[in-house]
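Protein chains in written order, with the working numbering: chain A, 35 to 239; chain B, 10 to 255.
From the three backbone atoms N, C-alpha and C, an ideal C-beta is built for every residue, glycine too.
Have a look at the structure below, then the notes.
Quick look at the structure:
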């Protein structure tokens with residue numbers, strides 16, 4: 035590392051995101067030694083968000099809890115699967131949960147579609163009142179930042195991102211459902227993700 | 010000369026959100042190969058999108074999780090990260106195992122649906138073949154399917170037709186390798202749907218998969234990266250045909 039880079043790093047302001055990530059990585063390091071308290075710390079910090087994500091995708095609380103259990107079981111059994119070079123602990127955890135939830139929902143597609151007609155309103159109501167909900171289980175600043183970034187996206191980009199990530203729909207399913215050409219779905223996804231990435235990175239600086 | 014990353018960026022953005030499907034999955038793999046493993050821009054794009062996707066979860070209100078979940082996870086491991094409650098799988102007779110290995114079917118996806126001709130299936134009432142396994146409430150309505158393939162070891166699946174869920178037992182299975190897992194697939198027509206990933210402990214697996222087996226033509230197992238992808242990236246090492254079941 036060059037002298038200039040070292041100086042830059044040393045003079046960079048400390049931000050809470052870095053501290054939080056450093057804490058997560060410390061917990062992961064302790065997991066390698068079988069530290070149960072470290073596991074409980076990680077679990078209590080991220081399991082509620084993981085469950086919210088799984089529940090949003092699969093729309094059933096008990097299945098969401100099973101997904102969370104399975105994902106965290108994988109973490110406990112093999113903490114070495116986390117590669118710090120590839121991103122933050124929180125995103126890795128949410129990625130595992132999301133993979134499992136999407137896999138499940140695609141397996142149960144027919145069943146989900148039957149239930150879908152009755153559920154969107156409840157989901158929408160929950161989203162509409164999201165800011166009023168008193169229940170804020172940790173990480174309120176992170177939630178505020180991500181919600182603000184999402185709300186700031188052009189509507190057509192936000193819709194595609196939400197359908198894909200939160201509803202577990204594939205690009206083709208979104209194109210079919212909305213009548214938007216597949217190429218447009220993909221380009222909106224890329225533009226939305228670019229913007230989210232840049233905004234979230236900017237906020238962390 | 011700077012290479013254009015527009016195509017791979019678009020595909021990676023969709024993939025990070027779990028939305029990639031159809032021919033685009035293969036296209037992404039071709040793009041990756043084309044750019045090469047040393048493509049720093051590609052790595053940066055992928056990392057950035059994965060990070061962004063993970064953080065989207067925090068847009069949701071947290072949901073309380075029963076404290077019993079963490080206790081179950083820690084309790085089930087009994088201090089050892091790799092020990093899980095396991096039921097015994099009955100060992101097939103040696104000549105049967107050798108016979109199955111000798112067949113070494115090379116099938117995948119569409120071919121798997123037609124595997125009836127080359128894959129030997131043992132379909133029997135589970136209660137008659139697993140009398141010693143107390144962990145399974147076997148009834149005459151249950152079915153036990155034994156996988157065949159090129160890998161060492163034995164894998165079987167028990168399920169009740171018309172009911173969700175299937176239980177898998179495996180023994181003497183080789184380690185899938187560093188950062189690799191076994192992934193179970195349900196084949197319907199030419200589509201492979203993931204049934205989840207599992208890592209054997211001392212060659213043994215015992216896992217319940219919440220899957221609907223009812224419309225599945227065949228089952229397959231591949232070795233995959235530990236992130237448990239939603240589409241298979243390798244040839245199956247074990248298969249089972251369900252189309253001939255009675």
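Per the DSSP secondary-structure output, residue 202 of chain B pairs in a beta bridge with B:195.
In terms of Cβ geometry, residue 133 of chain A and residue 238 of chain B form a close pair [threshold 9 angstroms].
Burial check for residue 184 of chain B: the Cβ neighbour count within 10 Å stays below 16, so the residue is exposed. Residue environment analysis places residue 56 of chain A among the exposed positions, since fewer than 16 neighbouring C-beta atoms fall within 10 angstroms of its C-beta. Sequence-distant Cβ neighbours of residue 202 of chain A in its own chain, meaning closer than 6 angstroms and more than five residues away, are 91, 136 and 139. The secondary-structure analysis by DSSP pairs residue 180 of chain B across a beta bridge with B:163.
In the three-state DSSP reduction, residue 235 of chain A falls in the helix class (H, G or I).
Residue burial annotation: residue 77 of chain B is exposed, with fewer than 16 other C-beta atoms found within 10 angstroms of its C-beta. Residue contact check for residue 214 of chain A against chain B: no CB pair falls below 9 angstroms.
Linking residue 26 of chain B to residue 74 of chain B through their CA atoms gives a straight-line distance of about 24 angstroms.
For residue 161 of chain B, the closest C-alpha among the options B:236, B:14 and B:247 is that of B:247.
Of the residues assessed, residue 197 of chain A falls on the buried side of the cut-off, its CB having 16 or more other CB atoms within 10 angstroms. Note that the C-beta distance between residue 249 of chain B and residue 168 of chain B is not below 9 angstroms. With respect to residue 165 of chain B, residue 179 of chain B sits close: the two C-beta atoms are nearer than 9 angstroms. DSSP, reduced to helix, strand and coil, places residue 60 of chain A within a helical segment of the structure shown. Within chain B, 28 have C-beta atoms less than 8 angstroms from the C-beta of residue 203 of chain A, given in sequence order. Residue 189 of chain A and residue 223 of chain A have their alpha carbons spaced roughly 12 angstroms apart. DSSP lists no bridge partner for residue 222 of chain A.
Of the residues A:236, A:122 and A:94, the one whose Cα lies closest to the Cα of residue 55 of chain B is A:122. Counting along the chain, the unbroken alpha helix (DSSP H) around residue 20 of chain B starts and ends at 15 to 25. Taking 9 angstroms as the cut-off, the beta carbon of residue 199 of chain A is found no closer than this to the beta carbon of residue 198 of chain B.
Residue state for residue 157 of chain B is assigned as strand, using DSSP reduced to three classes. Secondary structure of residue 77 of chain A (DSSP, three-state): helix. Distance from the CA of residue 206 of chain A to the CA of residue 200 of chain B, rounded to the nearest whole angstrom, comes to 15 angstroms.
Excluding the 5 residues flanking it on each side, residue 216 of chain B has same chain C-beta neighbours closer than 7 angstroms at 177 and 207, in chain order. Taking C-beta atoms as the reference points, residue 124 of chain A and residue 80 of chain A count as a pair closer than 9 angstroms. Taking a Cβ-Cβ threshold of 7 angstroms, the residues of chain A close to residue 81 of chain B are 103, in chain order.
Here DSSP, grouped into helix, strand and coil, assigns residue 184 of chain A to helix. Looking at the DSSP output, residue 233 of chain B bridges to B:190. In this structure, the straight-line span from the alpha carbon of residue 47 of chain B to that of residue 251 of chain B is close to 43 angstroms.
For residue 174 of chain B, no CB of chain A lies under 9 angstroms from its own CB, so it is not counted at the interface with that chain. Interface residue (Cβ-Cβ distance to chain B less than 9 angstroms): residue 186 of chain A is not classified as such.
Relative to residue 58 of chain A, the option among A:98, A:95, A:109 and A:93 whose CA is nearest is A:109.
Under a 10 Å Cβ-count criterion, residue 99 of chain A is classified as buried, with 16 or more other Cβ atoms of the shown protein chains found around its own Cβ.
Contact of residue 228 of chain B with chain A is not assigned, every C-beta pair being separated by 9 angstroms or more.
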